[in-house]
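S.K.: With mature numbering (1 follows the signal peptide of the UniProt record, and there is no 0) applied, the sequence shown corresponds to residues -25 to -1, 1 to 251, in that order. Each residue gets a CB set at the ideal place from its N, CA and C atoms; glycine is no exception.
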Amino acid sequence: MHGGRASSMKVRLLAVATAMLMVTAGCGLLGSGDDDTSSGSAPVAVTAADSPEPEESPTPEETEEESPRPKPKPSKTTTSKKPTVKATPTEDPFNRQLPDCAKYVGKAVSFAKAKAALNAAAAKVYWPINAPKLKVPAELVRVVAWHESGWVSNIQNCDGGYGLMQVMPDTEEFINGRFTKSYDAGDYRQNAILGANYLAWLTKYFGENFFKDDYSLSTSKCKTDASPCLLNMVIDGYNMGAGSTETAFKDGKKLSNPEYVALIRANMRDCDCDRY
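1) Please list, in chain order, all residues of the same chain as T(-2) whose beta carbon is under 6 Å from its beta carbon, the five residues on each side excluded.
2) What does the Cβ neighbour count give for D134, buried or exposed, with the cut at 16 atoms within 10 Å?
3) Which word fits P203, buried or exposed, when buried means at least 16 other C-beta atoms lie within 10 angstroms of its C-beta?
4) Is C246 near K90, with beta carbons less than 9 Å apart?
5) Helix or strand or just coil, what does DSSP make of D249?
6) Quick one: grab the DSSP three-state call for Q165.
7) In this structure, what does DSSP give as the bridge partners for M208?
8) Looking at the unbroken alpha helix (DSSP H) that takes in P144, where does it start and where does it end?
9) Whose C-alpha, out of Y251, L139 and N172, is nearest the C-alpha of T155?
10) Does DSSP put I239 in a helix, in a strand, or in coil?
11) Within this structure, are the beta carbons of W102 and K187 separated by less than 9 Å?
12) Let me make sure I understand the geometry here. Which of R250, V84, V116 and A97 has the alpha-carbon closest to that of K108?
13) Does the contact criterion of 3 or more C-beta pairs under 8 Å hold for the segment 105 to 125 versus the segment 160 to 174?
14) Helix or strand or just coil, what does DSSP make of E101?
15) How would you write the range of the alpha helix (DSSP H) that D226 sits in, first residue to last?
16) Looking at C-alpha atoms only, which residue of L93, A113, Q141 and E148 is the closest neighbour of A77?
17) So, A175 versus N166, is the Cβ gap smaller than 9 Å?
18) From S194 to Q72, what does the alpha carbon distance come to, in whole angstroms?
19) With a CB to CB cut of under 6 Å and the five nearest residues on each side skipped, what residues in its chain are close to A201?
20) From A113 to E183, what distance separates their C-alpha atoms?
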């Protein structure tokens, strides 16, 4: 284990209570997560990206209408169904507000580029020798990034977390040292790789120590969003740090921050990021 961190956004929603109620309808809540393998702070939420929910045009049901002229047998006409059209998101339903100590650094990339970078990072094999079949689901990487930063690639948080995956400086150092790389968290593509690589490291660590080398992150292996399955422990570890997650598991087979895990799991089922 290492002492590095890959933090969560810690950018707050205007109303945290509202965010918790709305999470099942989408993942516009951006929480905080420490990728510290030893310790971390609890998440703080922030609002999502700048677009509204796509709306479907109303689809009228088939109706029967009488002919305007009286006849022994009135004729019937049937209205045709209108095609369903989804509106292009133009405004996000939540308002983003950064803490005073957080800031934007440089120019953010588009959501399309952010999504492509996250998918590419998820597709990489991070343990080609020791665990070549270990895969981090692209859905997990995208949702964690959405929750951490809202896919805003240039946010620097108060605690030093930066970018799409809110990577902490010491986590960047750990991943580069552990895997002999030179990734730069300031580059949005490499930021995505650092976050996905850390998720892969957590999967390998917990899978090896507590799940008999089973590295599957399938949701089918989790009884509930709060059960200590491998997927939930990896999510918990990204937020709280591997050390906190391991301690909670050993103390009572529980999660150290079930609220954060529940948010991510809900977002995996229904995420605003799926609009992009």
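M.R.: This is what the structure holds:
1) Looking up residue -2 in the sequence shown gives position 24. Confidence in T(-2) is poor, its pLDDT being 37 and thus under 50, which makes the residue's placement too unreliable to answer from.
2) Translated into the one-based positions of the sequence shown, residue 134 becomes position 159. With 16 or more other Cβ atoms within 10 Å, it is buried.
3) The sequence position of residue 203 within the sequence shown is 228, counting from 1. Buried, because 16 or more other Cβ atoms sit within 10 Å of the Cβ of P203.
4) If you number the sequence shown from 1, residue 246 lands on position 271. If you number the sequence shown from 1, residue 90 lands on position 115. Cβ atoms of C246 and K90: not closer than 9 Å.
5) For the purposes of this step, residue 249 is identified with residue 274 of the sequence shown, where counting begins at 1. Reduced to three states, the DSSP call for D249 is helix.
6) Start at 1 with the first residue of the sequence shown, and residue 165 comes out as number 190. In this structure, Q165 counts as helix in the three-state DSSP scheme.
7) To locate residue 208, count along the sequence shown from 1; it is residue 233. In the DSSP output, where bridge partners are listed per residue, M208 has none listed.
8) Numbered from its first residue, the sequence shown carries residue 144 at position 169. Start and end: P144 to F154.
9) Working through the sequence shown from its first residue, we reach residue 155 at position 180. For the residues Y251, L139 and N172, the minimum Cα distance to T155 belongs to N172.
10) Taking the sequence shown and counting its residues from 1, one reaches residue 239 at position 264. The answer is helix: DSSP assigns I239 an H, G or I state.
11) Numbered from 1 along the sequence shown, position 127 holds the residue referred to as residue 102. Numbered from 1 along the sequence shown, position 212 holds the residue referred to as residue 187. Against a cut-off of 9 Å, the Cβ pair of K187 and W102 comes out as no contact.
12) To locate residue 108, count along the sequence shown from 1; it is residue 133. Here the closest residue by C-alpha is A97.
13) yes
14) As a working mapping, residue 101 is identified with position 126 in the sequence shown. In the sequence on display, residue 101 carries Tyr and not Glu. DSSP places Y101 in coil when its eight states are reduced to three.
15) By 1-based counting over the sequence shown, the position of residue 226 is 251. Segment A217 to G227, the alpha helix (DSSP H) holding D226.
16) Taking the sequence shown and counting its residues from 1, one reaches residue 77 at position 102. Per the Cα distances, Q141.
17) For the purposes of this step, residue 175 is taken as the residue at position 200 of the sequence shown. For the purposes of this step, residue 166 is taken as the residue at position 191 of the sequence shown. Against a cut-off of 9 Å, the Cβ pair of N166 and A175 comes out as no contact.
18) The residue you call residue 194 lines up with position 219 of the sequence shown. The residue you call residue 72 lines up with position 97 of the sequence shown. According to the sequence provided, residue 194 is Thr. The question's Ser does not apply to it. Computed Cα separation, rounded: 32 Å.
19) Position 226 of the sequence shown, counted from the first residue, corresponds to residue 201. Closer than 6 Å at Cβ, skipping near neighbours: P233.
20) Indexing the sequence shown from 1 puts residue 113 at position 138. Indexing the sequence shown from 1 puts residue 183 at position 208. Approximately 22 Å, taken between the alpha carbons.
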